[in-house]
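If you're matching them up, the sequences are chains H and X in order.
Residue numbers for the first sequence follow this note's numbering, beginning at 109 and rising by one.
Residue numbers for the second sequence follow this note's numbering, beginning at 28 and rising by one.
Heads up, the beta-carbon is just placed ideally off N, CA and C, and yes, glycines get one too.
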Amino acid sequence: MNLYQELDQNVITLKLDDVLNWGRENSLWLYLMGLACCAIEMMQTAGPRSDLDRFGMAPRATPRQSDLMIVSGTLTYKMAKRVKLLYEQMAEPRYVISMGSCSNCGGLFSPGYSVLKGVDQIIPVDVYVPGCPPRPEALVEGIFKLREKIKNESYLRKVNPQSEGAQ
Amino acid sequence: MSDEAQDTTESQEAQKPRSKESILHEELAGFLKQAVSGSVIDRSMDVLPSVEVDASSIASVLRALKEGEYTADFLDSINGCDMMGYNGENNPERRFLIVYQLFSYTKKQYYFIKVYLPESSPKIPTVDTLYGNANWLEREIFDLLGIEFTGSRDLRRLLLPEDWEGYPLRKDYKEQLLYDGMMTTRHNPLDDFKKRTAELLEG
């Protein structure tokens, strides 16, 4: 048996960052922050036709197990405080998709006295998905944009300066 | 309603047969005039036939309707309204309008009771001992219009956060610039576009 031949067939060499990112982008567990009619489209996206399970995405009911929060729907000031609290409970690295006009900028309800004009005023947003509400295809497009972003991140370098700073 | 408008409705009255509700509320006003103290005004010729009563006598009016022959056993809703600028008028004595919508399951009839409240002290006695569901309806009106229901067992805000300032459905409500550190406004790129278009048209 030629060991080198066997290695060639069974071993691949690549950067550690790439492996980690490949794992992260293919296991984006999402936290369901369904607030209004966009939530219906988000459920459809997880349904059989556009099937988020294909990308390793599983809906979770707690922020502590999730990597991605999809804020879908009209955000009132009363709910905004809760959204911020739940976002802070998510473990790093964490991502936010703002889905639909309401969560992007207040949308149709922006003249209202009780509606927050955009979720980015309280938490950082990675991807904005326009639409009222966006179709499942649009949300999948947004998720792919986020996957691209994750793919090009350097997770190790992001973590290390913090740990050095702690020492 | 102005005098002229009332005249026209009266002249039309001869041609048009009166609605069932209008006749019912005329009877109702007659009944209430005997049953309760305080002023009772017959508004059966309005677009929405109703009876106007004093704020202080609202509890006795609803009790008379509930326990008397009219059997108003269900409080359908309580509506609050800011009448500022209605018909171009500003009457501080008739600033707020509260409409009690009652229903009788045995008679299959709706009754409308109206109460006007002054701007200086918008207070009205609660009816939550008569109707259990009144509490939430009153809390909503307190929340959005700032009308105090005296004697209520639990008068808190219903929909808005507890630390909210002001009553948003009042017509003179002004939104705060910040709520809990959150901006209540957002820059609209369309405004820039409009401004630039206006500048280009001028220049």
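{"Item": "Expected contact under 8 Å - CB spacing of G226(H) and R213(X) to nearest Å", "Value": "6 Å"}
{"Item": "Nonlocal neighbours in the same chain, by C-beta distance under 6 Å from S66(X), ignoring five residues either side", "Value": "D81"}
{"Item": "Pairwise C-alpha distance: G208(H) and E133(H)", "Value": "23 Å"}
{"Item": "Candidates P232(H), A166(H), G131(H), of which the one nearest Y263(H) by Cα", "Value": "G131(H)"}
{"Item": "Residues that D109(X) bridges to, as DSSP identifies them", "Value": "F123(X)"}
{"Item": "Cβ of I205(H) within 8 Å of any chain X Cβ", "Value": "no"}
{"Item": "Candidates K259(H), R162(H), G214(H), V127(H), of which the one nearest L143(H) by Cα", "Value": "G214(H)"}
{"Item": "CB contact check: C210(H) to chain X, cutoff 8 Å", "Value": "no"}
{"Item": "is_contact[C213(H), chain X] using C-beta, thresh 8 Å", "Value": "yes"}
{"Item": "Contact set between the stretch 229-247 of chain H and chain X, restricted to residues whose Cβ is under 9 Å from the partner", "Value": "Q229, I230"}
{"Item": "Residues bridged to G142(H) [DSSP beta-bridge criterion]", "Value": "S180(H)"}
{"Item": "Proximity winner among Y137(X), R183(X), L182(X), relative to T98(X) (alpha-carbon distances)", "Value": "Y137(X)"}
{"Item": "Local Cβ density within 10 Å of F220(X), reported as buried at 16 or more and exposed below that", "Value": "exposed"}
{"Item": "Neighbouring residues, chain X, relative to V226(H) (Cβ below 7 Å)", "Value": "At residue 226(H) the sequence reads Gly, which differs from the Val that was named. Those within 7 Å of G226(H) in chain X are R213."}
{"Item": "Reference K135(X); option with closest CA among A225(X), L51(X), R45(X)", "Value": "L51(X)"}
{"Item": "For D109(X) and R197(X), the rounded distance between their alpha carbons", "Value": "6 Å"}
{"Item": "is_contact[Y221(H), chain X] using C-beta, thresh 8 Å", "Value": "yes"}
{"Item": "Residue span of the alpha helix (DSSP H) that contains A50(X), given as start and end", "Value": "One detail in the question is off: residue 50(X) reads as Ile in this sequence, not Ala. Its alpha helix (DSSP H) spans residues 47-62."}
{"Item": "At least three beta-carbon pairs within less than 8 Å, the stretch 122-129 of chain X to the stretch 183-194 of chain X", "Value": "no"}
{"Item": "Helix, strand or coil at T153(X) according to DSSP, with G and I counted as helix", "Value": "coil"}
{"Item": "Contact residues within the stretch 193-220 of chain X, judged by C-beta distance below 8 Å to chain C", "Value": "Looking at the structure shown, chain C is missing, and the protein chains on hand are H and X."}
{"Item": "Option in L128(H), V119(H), S206(H) with minimal Cα separation from E261(H)", "Value": "L128(H)"}
{"Item": "Cβ-based burial, L122(H) [other Cβ within 10 Å; buried from 16]", "Value": "exposed"}
{"Item": "Chain X residues whose Cβ lies nearer than 9 Å to that of Y185(H)", "Value": "L187, P188, W191, Y206, D207, M209, T211"}
{"Item": "Chain X residues whose Cβ lies nearer than 7 Å to that of A188(H)", "Value": "M209"}
{"Item": "Proximity below 8 Å, CB of P76(X) to CB of F139(X)", "Value": "yes"}
{"Item": "Minimum Cβ-Cβ distance from S180(H) to chain X less than 8 Å", "Value": "no"}
{"Item": "For Y112(H) and I205(H), the rounded distance between their alpha carbons", "Value": "46 Å"}
{"Item": "Inter-residue Cα distance where the pair is I148(H) and S179(X)", "Value": "39 Å"}
{"Item": "Sheet register partners of P219(H) (DSSP bridge)", "Value": "Answer by DSSP bridge pairing: none, since P219(H) is not bridged."}
{"Item": "Backbone secondary structure at P232(H) - three-state DSSP", "Value": "coil"}
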